[in-house]
Structure formats: C-alpha cells, structure tokens
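Below: one structure, written as structure tokens.
Numbering (the UniProt record's numbering), first residue to last: 1 to 248.
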C-alpha cells in the first residue's frame with residue numbers, strides 16, 4: 001500500500017508539474033513553502049484518469065495502477081496535440097545539437113544513428129534543419145543522466161520515466177535528458193528520442209493514443225515508423241510545411 005501511494009504521488013507530480021502547483025503556506029522567516037493537500041492529489045488523480053480515458057472517479061483502481069507502471073515520458077501531460085504556454089517555438093529553422101555523453105547499452109554509432117533518425121522524423125515534414133556539433137554549447141544538448149542530475153526532474157530508476165525534455169529557450173531550454181538507468185536498445189532509443197525532440201521543438205503531450213506525442217511508450221518498429229497525422233499537424237502549425245520548388 002505504501003509503495004502504491006508513493007508511485008501515485010510520483011506519477012501525479014510527473015503528470016502535473018508546472019500545471020497544478022500545491023498550496024503555498026507561509027512559515028515566517030523561512031518564507032513560503034509548498035504543501036501538498038489531499039484535495040489537490042484527488043484533483044490530479046481525476047485529471048490523469050480523464051487524460052488517459054479512464055473513469056475519472058478519483059479512486060485507485062486496478063486500471064489506474066496498471067497505467068502507472070507503464071514506461072512514460074517525464075514531461076507533464078496536456079490534451080490534444082498541444083503546445084507549451086504562449087506557443088513557444090524556436091525563432092530560427094536551423095538548429096544545432098550536441099550529444100554530451102553516451103549510454104553503455106549501445107555503441108556510439110548506434111546512439112548517433114538513433115538521434116539522427118529521430119531528428120529526421122521532424123525535419124522530413126517541416127523546414128527545420130538540424131546540424132550536429134561536437135564542442136561548445138548547442139541549441140539542443142543531449143545527455144544520459146541518473147537520479148538527481150541538476151534539474152528539478154530527478155529520474156526514478158529503471159522503467160517509469162524514460163526521459164524528459166525542456167521546451168525551446170535559453171540555458172536548459174531545448175535540452176534532452178535520457179534516464180541512464182534504463183536498458184536502452186536501438187529501437188526504443190529512437191522512438192523515445194523522437195518523442196522528446198517533439199517537446200524541445202514546442203509540442204506538448206497529445207491525448208491521441210496513436211500519436212508519437214502520447215506520453216506512454218509503445219513499441220514502434222523502426223523501419224515501419226511514419227509520423228502520425230496528429231503530430232504532423234501540430235509541428236506544422238508551429239513551423240510550417242516544406243515548400244517544394246518546382247521549376248517551370
């Protein structure tokens with residue numbers, strides 16, 4: 001029961017971080033701290049159930065618990081194909097990326113290829129262009145991290161959260177972190193990377209189970225992967241379509 005409650009709190013924080021803050025309490029010279037209330041947890045649970053098309057009764061059902069155990073993205077949920085607040089996007093179409101470090105589960109070549117193909121998912125349907133650099137600070141910094149790693153979103157070990165990313169912006173904006181405690185294979189790194197790259201381009205989660213931006217991980221064969229229409233419409237709403245020049 002304690003493990004179940006811990007998982008519930010962790011998943012709800014993952015789903016609703018930045019979206020549903022707890023209630024502030026003032027403690028004099030200690031300043032303001034945030035206190036989690038049972039009412040806010042119930043609200044978050046109902047929201048999560050509604051997002052994943054479960055009965056939103058706020059009860060810890062077996063279906064809800066099974067959902068909680070599925071591998072997922074660590075970025076908070078939204079609905080539909082959706083953007084971050086204020087429709088954040090990059091002001092330029094030519095972006096740089098750098099792979100800071102590697103997982104031991106795959107060769108460097110396999111990681112490089114997975115990242116290249118994940119970026120290509122988005123550049124194939126937009127005017128975006130991605131160039132890899134090997135030194136300095138890129139627009140998109142990619143790294144494999146474990147547990148607490150310097151941001152406000154610690155990883156939770158094997159399974160659970162697979163990765164998280166930050167929307168377009170300066171400093172940590174545009175960065176992607178993969179949980180190095182996962183056992184990565186070539187196909188799942190590609191799909192998870194393609195999903196996270198959607199976030200760093202400005203897309204939030206989709207409630208369409210067929211969408212790449214759906215927050216729960218499902219297997220997709222690498223050779224048969226085609227970006228679903230929901231994702232195409234979302235990214236093209238931000239960056240436009242590819243203009244093909246047809247000579248007269």
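We put the beta carbon where it would ideally sit given N, CA and C, even for glycine. In this text the structure is predicted, and so the values were computed from the model without any measurement.
Cutoff 6 Å; reference residue 230; Cβ partners in own chain excluding five residues on either side: Here residue 230 refers to the residue found at position 230 when the chain shown is read from its first residue. 81, 206, 208 and 211.
Identity of the residue in 148, 125, 118 and 145 nearest residue 132 by Cα: Here residue 132 is taken as the residue at index 132 of the chain shown, counted from 1. Nearest C-alpha to residue 132: 118.
Rounded distance between the beta-carbons of residue 186 and residue 114, thought under 8 Å: Looking up residue 114 in the chain shown gives position 114. Looking up residue 186 in the chain shown gives position 186. Right, their Cβ atoms sit about 6 Å apart.
Other residues of its chain near residue 175: CB distance less than 6 Å, five sequence neighbours each side excluded: As a position in the chain shown, residue 175 is number 175, starting the count at 1. Within the same chain, residue 175 has close Cβ partners 141 and 166.
Opposing strand residues paired with residue 142 [DSSP bridges]: Taking the first residue of the chain shown as 1, we reach residue 142 at position 142. Residue 142 pairs with 99 and 176.
Span of the alpha helix (DSSP H), counted from its first residue to its last, around residue 134: Your numbering for residue 134 matches position 134 in the chain shown. First-last for residue 134: undefined, no H or E at that position.
Reference residue 101; option with closest CA among 190, 145, 123 and 225: Position 101 of the chain shown, counted from the start, is the residue given in the question as residue 101. Selected option, being the one with the closest Cα: 145.
Reduced DSSP secondary structure (H/G/I, E/B, other) of residue 163: As a working note, residue 163 is residue 163 in the chain shown. Strand at residue 163.
Residue environment, residue 129, which counts as buried when at least 16 other CB atoms sit within 10 Å: For the purposes of this step, residue 129 is taken as the residue at position 129 of the chain shown. Under this definition residue 129 is an exposed residue.
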